[in-house]
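In the working numbering, the protein residues as written are 169 to 293.
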């Protein structure tokens, strides 16, 4: 079958990083479907909530005692810091899902000793 001359034989994708791009780490994701029918994801990292303040006791001789902070021993507070948000349409979400499944399968095979790490790979829409 010959190539139609009005279509190229190859398409090259070249990648450029925006000046503000940075590596992000995520412990989880929160989101859902927005009013436009797209998937919105907010990626977060979790940390223990910092107290609003802490104090150090000072002894009569001027030496420092231990540090104290207000807390409720019956309540554990974890802060989820939203680091990035991503909005995907249906077709991109489907492509990301397939891409992630492929990468997870590769990691599982690597854990079982089945193959070496493949590195990065693209995603098709």
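From the three backbone atoms N, C-alpha and C, an ideal C-beta is built for every residue, glycine too.
Residue i - DSSP class collapsed to helix/strand/coil
i           : result
residue 218 : coil
residue 231 : coil
residue 200 : strand
Through-space distance from residue j to residue i, alpha-carbon basis
i           : j           : result
residue 249 : residue 213 : 5 Å
residue 210 : residue 243 : 25 Å
residue 171 : residue 180 : 17 Å
residue 197 : residue 177 : 40 Å
residue 222 : residue 201 : 41 Å
Element boundaries [beta strand (DSSP E), containing residue i]
i           : result
residue 264 : It is not in any beta strand (DSSP E) - residue 264 instead sits in the alpha helix (DSSP H) that spans 258-279.
residue 245 : Unbroken run through residue 245: none, as it is neither H nor E.
residue 226 : 223-226
Same chain only: Cβ atoms within 7 Å of residue i, ignoring 5 sequence neighbours per side
i           : result
residue 224 : 232, 233 and 235
Integer-rounded CB distance, given that residue j should sit under 8 Å from residue i
i           : j           : result
residue 192 : residue 251 : 5 Å
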